[in-house]
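Residue numbers (the numbering used here): 1 to 356. Have a look at the structure below, then the notes.
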């Protein structure tokens with residue numbers, strides 16, 4: 001029986017796949033933005049800062065005010081009201097802008113509404129019933145940077161109501177590459193996390209708020225798996241969607257060859273974390289020795305459960321699938337190849353037959 005065999009390579013763990021193993025694989029934590037940035041709150045109130053462009057419009061009542069000569073009449077006003085619009089000003093490095101009859105006004109770290117109040121207060125005693133409207137014409141401080149595989153990357157202004165990742169990417173023109181091959185890295189204050197774009201679009205908790213100063217890097221990274229052995233086609237294959245299971249992977253490779261393949265000996269090689277291996281095999285020496293452990297999963301297609309398990313076994317980038325030609329010798333050959341690839345061959349690799 002396969003479960004009792006020992007192979008000359010203690011540099012990997014062998015795991016016979018059953019429903020319990022499938023359940024534990026499904027619970028392996030995935031990279032997440034929510035864990036690092038998912039406070040579910042929009043960023044703090046957007047404030048003006050150096051480099052922002054603002055346009056200020058000033059109004060007053062009466063025909064002899066300081067702005068009467070401007071000639072602009074307030075629409076809908078029953079009184080004689082005059083106003084002037086000050087051309088766009090860029091907030092200076094010291095955080096100020098120039099207001100007629102007032103001088104330099106500090107606006108940095110204030111909201112537009114607060115700046116309006118400051119200007120009106122400064123004009124009282126100089127103008128009759130002054131009013132002010134402050135509009136942000138160029139949003140630099142309250143913006144994020146989007147780079148990479150988007151149609152129109154650059155500095156993207158954030159909405160006062162809060163902007164989430166998908167909104168910011170859409171504002172940048174959307175993706176230039178297939179969504180299932182796209183990843184997004186969010187950087188904020190020296191903290192970074194990378195997740196597949198598809199996960200952000202499918203899981204609302206991953207579509208976190210973007211904060212001023214954030215950097216979003218959108219990039220293409222095709223996910224690859226390799227199939228060799230007794231299949232219709234031995235080659236490298238790219239994922240054609242976000243999630244690909246083992247059954248689909250074998251289908252892409254032309255399936256198992258009827259007259260050659262050993263259906264009880266289909267293997268998938270990948271590296272797992274030591275914590276995961278220790279969870280499914282507490283006595284594993286490899287799990288105690290390092291952070292990454294080569295694991296060979298065996299799926300038995302000679303049993304009906306093998307087909308069910310193959311549909312739930314999700315492929316990962318870099319997986320290697322091997323279908324044995326015949327029982328015994330070919331399996332030994334494969335394991336010896338894996339053993340030599342993962343480390344020096346020594347005696348005593350155990351085969352773990354399912355979850356405890």
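C-beta atoms are modelled at their ideal positions from N, C-alpha and C, and glycine is treated no differently. Since we're looking at a predicted model, the values are computed, not measured.
I need the boundaries of the alpha helix (DSSP H) containing residue 288, first residue and last residue. 285-289
Is it the case that the region 106-118 contacts the region 133-149, given that we only count it when at least three CB pairs across the two stretches are under 8 Å? yes
Measuring only the C-alpha atoms, how far is residue 351 from residue 15? Summary for residue 351: the model assigns pLDDT 43, below 50, so the residue's position carries little reliability; its value from the coordinates is reported in the next sentence. When rounded, the distance between both Cα atoms is 6 Å.
Taking the CB atoms as reference points, tell me whether residue 128 and residue 61 lie closer together than 8 Å. yes
With a cut-off of 8 Å on the beta carbons, I'd call residue 85 and residue 120 a contact; round off their distance for me. Contact flag wrong, Cβ pair sits at about 16 Å.
Out of 42, 188, 152, state which residue places its alpha-carbon closest to the alpha-carbon of residue 164. 42
The ligand SAM heavy atoms versus the CB of residue 97: any closer than 7 Å? As for the ligand SAM, it is missing from this structure, which has no ligand bound.
Which class does residue 179 belong to by DSSP, given the choice of helix, strand or coil? helix
Is it the case that the Cβ atoms of residue 322 and residue 228 are separated by a distance below 8 Å? yes
Ignoring anything shorter than 4 residues or poking outside the region 260-315, list the alpha helix (DSSP H) runs there in chain order. 274-280, 285-289, 304-312
According to the neighbour-count rule (16 or more other Cβ atoms, all chains shown, within 10 Å of its Cβ), is residue 12 buried or exposed? buried
Closest by C-alpha distance to residue 144, when choosing among 216, 274, 245, 222: 216
Please classify residue 157: does DSSP put it in a helix, a strand, or coil? strand
Classification of residue 223 by the beta-carbon crowding that lies within 10 angstroms, buried from 16 upward: buried
Cβ neighbour criterion (16 or more within 10 Å) applied to residue 88: exposed
DSSP puts residue 206 in a beta bridge; with which residues? Residue 206 pairs with nothing; no bridge assigned.
Can you give me the C-alpha to C-alpha distance between residue 284 and residue 264, rounded to a whole angstrom? 24 Å
Residue 101, DSSP secondary structure in three states: coil
Answer with buried or exposed for residue 292, where buried requires no fewer than 16 other C-beta atoms within 10 angstroms of its C-beta. exposed
Looking only at its chain, what residues have a beta carbon closer than 6 Å to the beta carbon of residue 139, apart from the 5 residues adjacent to it on each side? 157
Who are the Cβ neighbours of residue 51 in its own chain at under 7 Å, not counting the five residues just before and after it? 90, 91, 140, 141
CA-CA distance, residue 369 and residue 236? A question about residue 369 goes unanswered here, because the residues of the chain that appear run from 1 up to 356.
Taking C-beta to C-beta, are residue 277 and residue 246 nearer than 8 Å? no
Could you tell me the distance, in whole angstroms, from the CA atom of residue 188 to the CA atom of residue 211? 8 Å
Between residue 200 and residue 177, is the Cβ-Cβ spacing less than 8 Å? no
Does residue 152 pass the burial test, meaning 16 or more other C-beta atoms within 10 Å, or should it be called exposed? exposed
Is it right to say residue 241 is buried, meaning 16 or more other beta carbons lie within 10 angstroms of its own, or is it exposed? exposed
So, at 6 Å on beta carbons, what are the nonlocal neighbours of residue 123 in its own chain, with the 5 sequence-adjacent residues on each side left out? 130
Which stretch, first to last residue, makes up the alpha helix (DSSP H) that contains residue 135? Premise fails: residue 135 lies in the beta strand (DSSP E), 131-138, not in any alpha helix (DSSP H).
Take the Cβ of residue 294 as the centre, count every other Cβ of all protein chains shown within 10 Å, and call the residue buried at 16 or more, exposed below. buried
Unbroken beta strand (DSSP E) run spanning residue 234, endpoints: Element bounds for residue 234: n/a, residue is neither H nor E.
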